[in-house]
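Encoded as structure tokens, the structure appears first; notes follow it.
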Amino acid sequence: MNKRIGASIIAACILIVAIAFQLIGFFTTSGEESDNDAMALFSNSEKLEEKVVERGSGGNRIAQLNLEGTIIDNPGTNTNPFGGGGYQHDRFMKKLEAIKKDDSIKGLHLYVNSPGGGVYESAEIHDKLLEIKEAGKTIYVSMGNMAASGGYYVSAPADRIFAANDTFTGSLGVIMESVNYQELANEYGVKFNTIKSGEFKDIMSPTKEMTEEDREILQTLVDESYQQFVNVIVEGRDMSEERVKELADGRIYSGKQAVENGLVDDIGFREDTLAALKEEVGGDPQVFEYKNNISSFFNLPMAKSFLPNSEIRYLEQLISERQGPTLMYMYTE
């Protein structure tokens, strides 16, 4: 048996035992603390609690949000008790909605450090940011190591975009990928039985060669999403469609190159972005951020004592991994 698979099976068995012991601890321990822990483990709700970063006027505030990681609404991290770390789409959207409705918030400082993600999720964030702008709030974006593809898509509505010289941005476009292992299966005598209702029901299946008709259908989907991406940049950056399409060929740009070609406004880090936004908002604005109270089984002491860190990461990946081909605004190396 493959050592990796064997180790994973053993780790999974240990994990089941660990869960059992942890749950026994939750439901047999008396007291308010254990009740709260149990609720945190199984609840998908999050109360948005604020943390003041810089004191100032409570009626003239700036909210700071971090968008880090792949932009995917992954049920594996949002709805089961094992998820915890990484980007949480549902909770991020709740924070944006809270900012939109809060009249005391005059500005949003959004830090983006992401290679992109799902077309749908990126569009959701983009549209919510437009609503925040329509509510009269100023949005400044600070790009981290990477704000590529979907990371740029969500940045485009900002009133001003900052990036470091060495920030990776761009990768403007859409990608859809799958793996085909038909030849490998044939070599080992593996056969697949497929019963389908229509000619294209198994389109992009990993067990059959892609036909020209398949490719044409999928290309139309990619082209539609690409045009939407182009439109977002045209509107957000006040560029011509022709110029955007010259830049949106999928290549990656440094922050310095992005300033030169008009995709980014200024070179600067997070502190520079915040300083500029405070000046734009005026007065003595209070700066705050939302606390993240997400719980994860893998962060609990019981799990950490039973499982090596490498196996924890591997099991998290197995649980949360997304299946099937998906349209992505994504930079892939």
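All residue numbers for the sequence shown refer to the UniProt record's numbering, where the first residue is 1 and numbers rise by one.
A virtual CB, placed ideally from N, CA and C, is assigned to each residue, including glycine.
The structure presented is a predicted model; accordingly, all values stated were derived computationally and were not measured.
Under 6 Å Cβ to Cβ from residue i, same chain only, skipping five residues before and after it: list those, please.
i: Ala98; result: Leu48
i: Thr28; result: Caution is warranted here: a pLDDT of 45 is assigned to Thr28, below 50, making its placement in the model unreliable, and the coordinate value is therefore given only provisionally. Once the five neighbours on either side are set aside, Thr28 has no close Cβ partner at all.
i: Leu274; result: His109
i: Ser122; result: Ile71, Gly150, Tyr153, Val154, Tyr329
i: Asp73; result: His89, Glu121
i: Glu54; result: Val287
Return the CA-CA distance between residue i and residue j, expressed in angstroms with no decimal places.
i: Tyr331; j: Leu247; result: 15 Å
i: Leu184; j: Met210; result: 16 Å
i: Asn145; j: Phe168; result: 6 Å
i: Ala156; j: Val234; result: 9 Å
i: Lys196; j: Ile203; result: 11 Å
i: Glu212; j: Ser254; result: 36 Å
i: Ile105; j: Gly56; result: 12 Å
i: Gly189; j: Glu177; result: 25 Å
i: Ser240; j: Asn231; result: 9 Å
i: Asp214; j: Arg270; result: 45 Å
i: Ile252; j: Asp103; result: 38 Å
i: Ala163; j: Lys208; result: 44 Å
i: Glu260; j: Lys137; result: 27 Å
i: Phe229; j: Lys256; result: 22 Å
i: Glu242; j: Asp223; result: 16 Å
i: Thr77; j: Lys291; result: Summary for Thr77: the model assigns pLDDT 44, below 50, so the residue's position carries little reliability; its value from the coordinates is reported in the next sentence. Those two C-alpha atoms are separated by around 18 Å.
What would DSSP say about residue i, mapped onto helix, strand or coil?
i: Asp266; result: strand
i: Lys208; result: coil
i: Gly56; result: coil
i: Gly236; result: helix
i: Glu50; result: strand
i: Ser254; result: strand
i: Ala123; result: helix
i: Phe229; result: helix
i: Asp202; result: coil
i: Val154; result: coil
Would the C-beta of residue i count as close to the ligand FMN, meaning under 7 Å from any of its heavy atoms?
i: Gln227; result: You won't find the ligand FMN in this model; it holds no ligand whatsoever.
Name the one or two DSSP bridge partners that residue i has.
i: Leu274; result: DSSP lists no partner for Leu274.
i: Glu68; result: Asn113
i: Arg61; result: Ile105, Gln286
i: Arg160; result: Tyr140
i: Asn329; result: It is Tyr, not Asn, that sits at residue 329 in the sequence shown. Answer is Gly117, bridged to Tyr329.
i: Met146; result: Phe168
i: residue 336; result: Residue 336 cannot be examined here, being either before or after the span of the chain that is shown, 1 to 333.
Among residues of its own chain, excluding the 5 on either side of residue i, which ones have a beta-carbon nearer than 8 Å to its beta-carbon?
i: Ser225; result: Val119, Val174, Leu327, Tyr329
i: Val179; result: Pro206
i: Phe200; result: Glu213, Asp214, Ile217
i: His126; result: Tyr153, Val154, Ala156, Pro157, Val232
i: Phe92; result: Leu65, Leu67, Ile125
i: Tyr181; result: Pro206, Thr207
Can you find the residues in the same chain that come closer than 7 Å, C-beta to C-beta, to residue i, ignoring five residues on each side of it along the sequence?
i: Lys133; result: Ile139, Pro157
i: Val52; result: Gln286, Phe288
i: Leu277; result: Ile62, Gly107, His109, Thr138, Tyr140
Measuring CB atoms only, is the region 54-67 touching the region 281-292, in the sense that at least three cross pairs come out at less than 8 Å?
yes
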